[in-house]
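Sequential numbering of the sequence shown, starting at 1, is according to full-length UniProt numbering.
Glycine is no exception: its CB is placed at the ideal position from the N, C-alpha and C atoms.
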Amino acid sequence: MTPDILCIGSVLWDIIGRSNTHMTQGSDRPGRITRVPGGVALNIAMAAKAYGMKPALLSTVGRDDEGDTLVAALDRLGLITETLYRSEDLPTDVYMAVEGANGLIAAIADAHSLEAVGNKILRPLDGPLAGWQGPIAVDGNLTTNLLAEIAQDRRFMQSDLRVAPASPGKAERLLPFLTHKSATLYVNLEEASLLLHDVQTDAAQAALRLRDRGVYRALVTDGPRLAACAYPGGVEAHRPPEVMVTRVTGAGDTFMAAHIAAERGGADVGAALLRAVEAAATYVSGDTYS
């Protein structure tokens, strides 16, 4: 199978505990605990596949039982896994989160194997994917050094590069892309504040400020409030529809994948942004992709 998008970053198991009640630090509530394929790059890939694209994964997965089970699950989903780096001596990474009715309570991302293998995950770009011309989604679970390397890499210079932090705690890893002339950044308002070293209160203004720093395009979301896209022609903004929130982990990845798929399908700036906010709202409501 020939891909039409590359997803570079974390591919792991998500262990998510969800409760339908309000939770705070120290809460002990009944709920459900699930284990599903996850990671930012994988979430983007799965959403892109649901929107009709053919994603290839550039990441690392261990040759342990957890890794074999994960790759088998991804093959069944129709994702391209031949491009994964399978480590003989590193375990498969894992992410753990607790969510309440009031949103994400806490999370821990164990992406140490991804960090340890470094640029080995990029080897397919010198092999079967040499000369790649399509979109590339990169997530902030990569090390600071590898992200800086990608920002300067000639293979990415003229590509349709889409970049997202894995979390606010890793937002500043994306600083090298603020002067990248073909990169599109996908961040939430908190992450935009961290990149700009200044508290932002408006998604549209934050997107414009990121553009002023030199990035080609910036998309900034603010939960149920305004989402904005600043691009060379100006700025577009849309407010997501009101929905009952039943999950939050993966919403930003769904937003990004829907936006890429919409643009690859020919949507203009405003239509692509609207499609993305609607897709994210559908996702957090617990419904399936549409």
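What would DSSP say about residue i, mapped onto helix, strand or coil?
i, result
"Leu-174", "helix"
"Ala-137", "strand"
"Gly-38", "strand"
"Tyr-51", "coil"
"Gly-266", "coil"
"Val-163", "strand"
"Asp-68", "helix"
"Val-243", "coil"
"Asp-198", "coil"
"Ala-188", "What sits at residue 188 in the sequence shown is Asn, not Ala. Three-state DSSP puts Asn-188 in a strand."
"Val-284", "helix"
"Asp-14", "strand"
Might you give, ordered along the chain, the residues of its own chain that have their beta carbon closer than 6 Å to the beta carbon of residue i, omitting 5 neighbours on each side?
i, result
"Gly-62", "Ser-87, Leu-90, Pro-91, Thr-92"
"Leu-196", "Arg-209"
"residue 301", "Lying outside 1 to 290, the shown extent of the chain, residue 301 is not represented and no answer is given."
"Ser-19", "Arg-29, Gly-31, Gly-100"
"Ser-290", "Annotation note: pLDDT 45 at Ser-290 (below 50); position unreliable, no value reported."
"Ile-108", "Met-96"
"Leu-226", "Ala-203, Ala-237, Arg-239"
Apart from the five residues just before and just after residue i, which ones in its own chain have a Cβ nearer than 7 Å to its Cβ?
i, result
"Leu-77", "Met-46, Lys-49"
"Glu-191", "Pro-165, Pro-168, Ala-171"
"Gly-286", "Thr-246, Arg-247"
"Asn-119", "Leu-146, Glu-149"
"Val-40", "Gly-9, Ser-10, Asp-139, Asn-141, Ala-164, Ala-166, Asp-253"
Mind reading off the beta-carbon distance from residue i to residue j? Whole number of angstroms is fine, and I expect it under 8 Å.
i, j, result
"Ala-111", "Asn-145", "In fact, because the Cβ distance is near 14 Å, the residues do not count as touching under 8 Å."
"Ala-151", "Phe-177", "5 Å"
"Val-269", "Tyr-231", "6 Å"
"Ile-136", "Leu-6", "5 Å"
Report task. Check whether the stretch 183-195 touches the stretch 7-27, taking contact to mean three or more Cβ pairs, one atom from each stretch, closer than 8 Å. Result -> No, because fewer than three Cβ pairs between the stretch 183-195 and the stretch 7-27 fall closer than 8 Å, the two stretches do not touch.
Query - Sequence ranges, beta strand (DSSP E) only - wholly within the stretch 206-236, length at least 3 - result: If we require 3 residues or more, the beta strand (DSSP E) runs fully inside the stretch 206-236 come out as 217-221, 227-231.
Query raised in the report: Should the stretch 250-263 be regarded as contacting the stretch 105-116, the criterion being three or more beta carbon pairs within less than 8 Å?
Result: Too few Cβ pairs lie closer than 8 Å, so no.
Requested in this report: Would you check if there are 3 or more beta carbon pairs closer than 8 Å linking the stretch 95-109 to the stretch 147-164?
Outcome: Fewer than three pairs of CB atoms, one per stretch, sit closer than 8 Å, so the stretch 95-109 makes no contact with the stretch 147-164.
Requested in this report: Mind the definition here: the stretch 197-217 touches the stretch 240-251 only if three or more C-beta pairs lie below 8 Å; say whether that holds.
Outcome: Taking a cut-off of 8 Å on C-beta distances, the stretch 197-217 does not touch the stretch 240-251, as fewer than three cross pairs fall below it.
Report task. Taking only runs that begin and end inside the stretch 88-136, name each unbroken alpha helix (DSSP H) of 4 or more residues, in chain order. Result -> The stretch 88-136 contains these whole alpha helix (DSSP H) runs: 112-117.
Report task. Taking 8 Å as the threshold, find out whether the stretch 267-287 comes into contact with the stretch 227-242 through three or more Cβ pairs. Result -> With the rule of 3 Cβ pairs closer than 8 Å, the stretch 267-287 counts as touching the stretch 227-242.
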